[in-house]
Amino acid sequence: MKWLQPSHFLKIESGKLIFWDYEKHQQFELSIEHLQRLIEFSKGTQPQKTPIDKEISEAEVLVNSEPHKKWAWDWLSHIFHYGTQHPLPPDSDASTEKSDEYAASYLEFCASIRHSMPEVEIIKGGKRIPLPDFDSEELENTSLWSSLSSRRTCRDFDGKPVPIKKIATLLYCAFAEVNTKTDLPDLSVYGYKRTSPSAGGLQSTEPYLWAINIEGLAPGIYHYLSQRHELEYIDELPKKSLGAYLCNQNWANEMAFAIVMTSRFDKMWWKYPHSRAYRPMLMEIGHFSQTLNLGITALGLKPWLTGYFHDRELGEALACSPEIEHPILVVGGGTGSGNSVDTATQKIIKKER
Ligand SMILES: Cc1cc2nc3c(=O)[nH]c(=O)nc-3n(C[C@H](O)[C@H](O)[C@H](O)COP(=O)(O)O)c2cc1C
Numbered sequence: 047m048k049w050l051q052p053s054h055f056l057k058i059e060s061g062k063l064i065f066w067d068y069e070k071h072q073q074f075e076l077s078i079e080h081l082q083r084l085i086e087f088s089k090g091t092q093p094q095k096t097p098i099d100k101e102i103s104e105a106e107v108l109v110n111s112e113p114h115k116k117w118a119w120d121w122l123s124h125i126f127h128y129g130t131q132h133p134l135p136p137d138s139d140a141s142t143e144k145s146d147e148y149a150a151s152y153l154e155f156c157a158s159i160r161h162s163m164p165e166v167e168i169i170k171g172g173k174r175i176p177l178p179d180f181d182s183e184e185l186e187n188t189s190l191w192s193s194l195s196s197r198r199t200c201r202d203f204d205g206k207p208v209p210i211k212k213i214a215t216l217l218y219c220a221f222a223e224v225n226t227k228t229d230l231p232d233l234s235v236y237g238y239k240r241t242s243p244s245a246g247g248l249q250s251t252e253p254y255l256w257a258i259n260i261e262g263l264a265p266g267i268y269h270y271l272s273q274r275h276e277l278e279y280i281d282e283l284p285k286k287s288l289g290a291y292l293c294n295q296n297w298a299n300e301m302a303f304a305i306v307m308t309s310r311f312d313k314m315w316w317k318y319p320h321s322r323a324y325r326p327m328l329m330e331i332g333h334f335s336q337t338l339n340l341g342i343t344a345l346g347l348k349p350w351l352t353g354y355f356h357d358r359e360l361g362e363a364l365a366c367s368p369e370i371e372h373p374i375l376v377v378g379g380g381t382g383s384g385n386s387v388d389t390a391t392q393k394i395i396k397k398e399r
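Going by this note's numbering, the sequence shown opens with residue 47, and the numbers climb by one from there.
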């Protein structure tokens, strides 16, 4: 008796039916006869001595016992988790030759893709707005430990303005080009350096400023040009509030600003054209988020963050082209009580007491 292994999906494309084995990263074109047999194998059946069963056996998509997988999330998350795992076991020997071979093949790979490198900088073409110079004083006077230990997610903002000087310092501290002058050898010829690490040195994370109440800057949506320390104007604030874009997390409307981070998928696809690249893309944004959270705290403001929003509409508000970039995480800030409980929830709690 044999069963069909469970880590697969079927895709219909260009008139073909494709069986996709996402653990072994194999794809097969199916005929209706193959499909019928696979349905039988999904319930458990004895392989027959037929050409189709022979092909199915050779494809290594059958297992010897009925699969019982405990997976509490839906099947899409299973596809993402297992489909992005490394398909091969570790090499058995870690010899010098292997290291030399690996170094040579990495350099060769980098050289082979250089000609098709996407633009490092994305420019949308809006009016340029110069920013005040980066002022390190407040950051230097706050210890790392003080920022770490006092950082706390706030959901109770007071709607007061924040001066543009602080926003300029925050954007610079998290996203500006820094650390480039060093004598150490560096392969990151594709991008540049920031204060946070970046997957593949690509600097795929792109910052947008949703300016709600910033002293010295008109409300609107702006793009931060990391290598120039300038803003470019995207659009005025939409009629719907920020809270509406963020799935009714309406305390966000009382923040002074939000920084929406998109990821440049074109950069990630270029250097890492496989599904696993989705992981470092998310992880890179997480690193920038923590830099922003600590920066906001060190500047005497309260931070908040969310990954919960209406993806398509938020991307449209930032004028993102879906072939290039997508919003992934929002980190905002302002002044307020610092309470992690928003006022609407506070009211309910008070009534219940
Ligand atoms: C990736 C990520 C996504 C988050 N998304 C939300 C969110 O959608 N809404 C929200 O109010 N808080 C969100 N948070 C904040 C957490 O709720 C918060 O960090 C947690 O309650 C711990 O509190 P602390 O940050 O004060 O230590 C998120 C945090 C992370 C790291």
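Heads up, the beta-carbon is just placed ideally off N, CA and C, and yes, glycines get one too.
{"Check": "By DSSP, does Gln73 sit in helix, in strand, or in coil?", "Outcome": "strand"}
{"Check": "How is the alpha helix (DSSP H) around Phe221 delimited, first residue to last?", "Outcome": "Ile210 to Phe221"}
{"Check": "Measure the beta-carbon distance from Glu371 to Tyr291 and round it to whole angstroms, keeping in mind my assumption that it falls under 8 Å.", "Outcome": "In fact, because the Cβ distance is near 16 Å, the residues do not count as touching under 8 Å."}
{"Check": "Quick one: grab the DSSP three-state call for Met307.", "Outcome": "strand"}
{"Check": "Pro326 lies in the alpha helix (DSSP H); which residues open and close that run?", "Outcome": "Tyr324 to Ala344"}
{"Check": "Can you find a heavy atom of ligand 1 that lies under 7 Å from the Cβ of Tyr354?", "Outcome": "yes"}
{"Check": "Look at the alpha carbon of Lys285 and the alpha carbon of Tyr324, and state the distance between them as a whole number of angstroms.", "Outcome": "32 Å"}
{"Check": "Could you please give me the residues that DSSP links to Val109 through a beta bridge?", "Outcome": "Trp49"}
{"Check": "Does any heavy atom of ligand 1 sit closer than 7 Å to the C-beta of Thr199?", "Outcome": "yes"}
{"Check": "For Gly262, tell me which candidate among Cys219, Phe221, Ala222 and Lys212 has the shortest Cα-Cα distance.", "Outcome": "Lys212"}
{"Check": "According to the Cβ coordinates, are Gly346 and Lys206 closer than 8 Å?", "Outcome": "no"}
{"Check": "In the structure shown, what three-state DSSP assignment does Thr389 receive?", "Outcome": "helix"}
{"Check": "With a threshold of 16 other CB atoms inside 10 Å of the CB of Val208, please say whether the residue is buried or exposed.", "Outcome": "buried"}
{"Check": "Would you tell me roughly how many angstroms separate the C-alpha atoms of Glu278 and Ser242, rounded to the nearest one?", "Outcome": "23 Å"}
{"Check": "Give the secondary structure of Tyr148 by DSSP, where H, G and I count as helix, E and B as strand, and everything else as coil.", "Outcome": "helix"}
{"Check": "Give the secondary structure of Glu252 by DSSP, where H, G and I count as helix, E and B as strand, and everything else as coil.", "Outcome": "strand"}
{"Check": "Classify Gln73: buried if its beta carbon has 16 or more other beta carbons within 10 angstroms, exposed otherwise.", "Outcome": "exposed"}
{"Check": "Which residues bound the alpha helix (DSSP H) around Asp229?", "Outcome": "Neither: Asp229 is in no alpha helix (DSSP H) and is coded neither H nor E."}
{"Check": "Short check: CB of Gly384 to CB of Cys200, under 8 Å?", "Outcome": "yes"}
{"Check": "Taking the straight line between their C-alpha atoms, what separation do you get for Thr337 and Lys62?", "Outcome": "47 Å"}
{"Check": "So what's Thr91 in DSSP terms, helix, strand or just coil?", "Outcome": "strand"}
{"Check": "Quick check: what's the CA-CA separation for Thr391 versus Phe311?", "Outcome": "37 Å"}
{"Check": "Check whether the Cβ of Gln295 sits closer than 7 Å to any heavy atom of ligand 1, and report yes or no.", "Outcome": "yes"}
{"Check": "Cutting at 6 Å between CB atoms, please list the residues of its own chain near Gly246, excluding the five before and the five after it.", "Outcome": "Lys317"}
{"Check": "Could you compute how far the alpha carbon of Pro178 sits from the alpha carbon of Arg274?", "Outcome": "12 Å"}
{"Check": "What's the C-alpha gap between Ser141 and Arg197?", "Outcome": "45 Å"}
{"Check": "Excluding the five sequence neighbours on either side, which residues of its own chain have a C-beta within less than 6 Å of the C-beta of His333, listed in chain order?", "Outcome": "Ser242 and Pro243"}
{"Check": "Return the residue from the list Trp350, Ile394 and Asp137 that minimises the CA-CA distance to Gly289.", "Outcome": "Trp350"}
{"Check": "Does Trp256 pass the burial test, meaning 16 or more other C-beta atoms within 10 Å, or should it be called exposed?", "Outcome": "buried"}
{"Check": "For the alpha helix (DSSP H) holding Gly129, just list the boundary residues, first then last.", "Outcome": "Trp121 to Gly129"}
{"Check": "With a cut-off of 8 Å on the beta carbons, I'd call Cys156 and Leu233 a contact; round off their distance for me.", "Outcome": "7 Å"}
{"Check": "Just to confirm the assignment, what range does the beta strand (DSSP E) spanning Leu351 have?", "Outcome": "Lys348 to Thr352"}
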